[in-house]
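Using UniProt numbering, the letters of the sequence shown map in sequence onto residues 1 to 289.
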Amino acid sequence: MAGQAQDITLPDGSRFLPDDVSFRLTSLSGVGLLERCERHKGLVLSAIFLCPLLLYLVFFVVVPSMAASAVTLLPNSVVEATGRQSMLLIEKMALEPTEVDPTQQDKINALWQDSLNQLKLDKEKYRLGFYRSDFFGANAFALPHGQIVVTDELVAKLAKHPEALRAVLLHEIGHVEHQHSMRIAAQSVASTIALAVVFGDLQGVAELTLGVGSVIMQQQFSQDMESQADDYALHNLEAHGYKAADFATALKLMSSDRSTEQDAWSKYLSTHPQVGERIERALNYQRAK
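Rendered as structure tokens:
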């Protein structure tokens, strides 16, 4: 390589590194293919433009596609074990016993069972749990093995809007049906491996920069999955005689206590698409006939 001293390894294992960086052994004095490529202006300019395109294809097309395909091959036992272990950890760190009135729980469970019947889903797989959580606030989330968690705060916010709560539950079921938790885990592992292969062993500022880039990539993947879960909820609301606007109502109520001021960069760092966009999409949703 031009500008680099030739590193010569001798038969006894010792190494010779000449002081003259231009020195080359007579048998290797010709210009190699790699060196010719480095001197070719056309190839250098092409690499400048093509490398970012290649990286985009790898991280935003190839990695998600591979992850989506890989999770379909996982045995149910792996998904079940992953979900149960995740639930134990979350329950220990961020959840408290519910304070929702048993009568209210019964009403929500009836709505839940009704939704499972309409969707013809396995009632043994899909389980609904109520918890109080200062960490999650008014929220719901799904684990890969079918456990759906609804917080007391969310129940309180949607107490007068049962169909809005149904819409939220359908959204969470969509995450499970599309295996989003397992896909995001697979994409995270694949992205880390790809970054290591492409950029090698990096330290300091370069490592920090790539780490931030990796986080942004994962957040964009998560946003796509949220949109897919939204579609699942909207489609099934309309398909079973409810209104897609119920999901918009849920989003409005869930975001009512949150700040609406967001800068132009926040959408890249959020795991969810912008709330306003999701509400507008739900209000304008038309199910394909």
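Using N, Cα and C, we set each Cβ at its ideal position, and we do this for glycine too.
Proximity to residue i [Cα-Cα], best of the options
| i | options | result |
| --- | --- | --- |
| LEU73 | MET87, GLN179, ASN284 and MET254 | GLN179 |
| GLY83 | LYS125, THR103, LEU53 and ALA164 | LYS125 |
| GLY146 | GLY42, PHE60, TRP112 and SER133 | TRP112 |
| GLU238 | LEU158, SER115, LEU195 and LEU253 | SER115 |
| ALA68 | MET225, LEU253, GLN286 and TYR285 | MET225 |
| HIS175 | ASP122, GLN286 and SER222 | SER222 |
| ASP106 | LEU169, PHE130 and GLN228 | PHE130 |
| PHE59 | LEU283, ILE184, TYR285 and ASN284 | ILE184 |
| GLU91 | THR192, LYS123, PHE141 and SER22 | PHE141 |
| GLN6 | SER14, GLY13, ASP12 and ASP19 | ASP19 |
| ALA138 | VAL155, ASP122 and LYS123 | VAL155 |
Burial state of residue i, where buried means 16 or more other Cβ atoms lie within 10 Å
| i | result |
| --- | --- |
| ASN236 | buried |
| LEU54 | exposed |
| GLU277 | exposed |
| LYS157 | buried |
| TYR56 | exposed |
| PHE135 | exposed |
| GLU280 | exposed |
| LEU128 | buried |
| SER64 | In the sequence on display, residue 64 carries Pro and not Ser. Buried, by the Cβ-count rule. |
| THR249 | buried |
| VAL197 | exposed |
| ALA110 | exposed |
| PHE16 | exposed |
| ILE173 | buried |
| VAL79 | buried |
| TRP265 | For TRP265, the predicted model reports a pLDDT of 38, less than 50, meaning its position is unreliable; a value from the coordinates is still stated below. By the 10 Å Cβ count, TRP265 comes out exposed. |
| VAL61 | exposed |
| ALA81 | exposed |
| THR260 | Its pLDDT being 46, under 50, THR260 is placed unreliably by the model, and nothing is read from it. |
| LEU169 | buried |
| GLY211 | Here GLY211 scores only 47 on pLDDT, less than 50, and its place in the model is too uncertain to base an answer on. |
C-beta atoms of residue i and residue j nearer than 8 Å
| i | j | result |
| --- | --- | --- |
| TYR242 | GLU163 | yes |
| ASP246 | ALA167 | yes |
| ALA244 | LEU234 | yes |
| LEU143 | SER181 | yes |
| VAL71 | ALA159 | no |
| VAL275 | SER255 | yes |
| LEU43 | CYS37 | yes |
| LEU253 | HIS171 | no |
| SER133 | ALA194 | no |
| LEU165 | ILE108 | yes |
| MET66 | ALA190 | yes |
| HIS240 | GLN104 | no |
Residues that residue i bridges to, as DSSP identifies them
| i | result |
| --- | --- |
| LEU33 | Answer is none; LEU33 lacks a bridge partner. |
| LEU128 | ILE148 |
| ILE8 | PHE16 |
| ALA142 | ILE148 |
| GLU96 | ARG132 |
Three-pair Cβ contact test at 8 Å for the stretch 92-102 versus the stretch 145-154
yes
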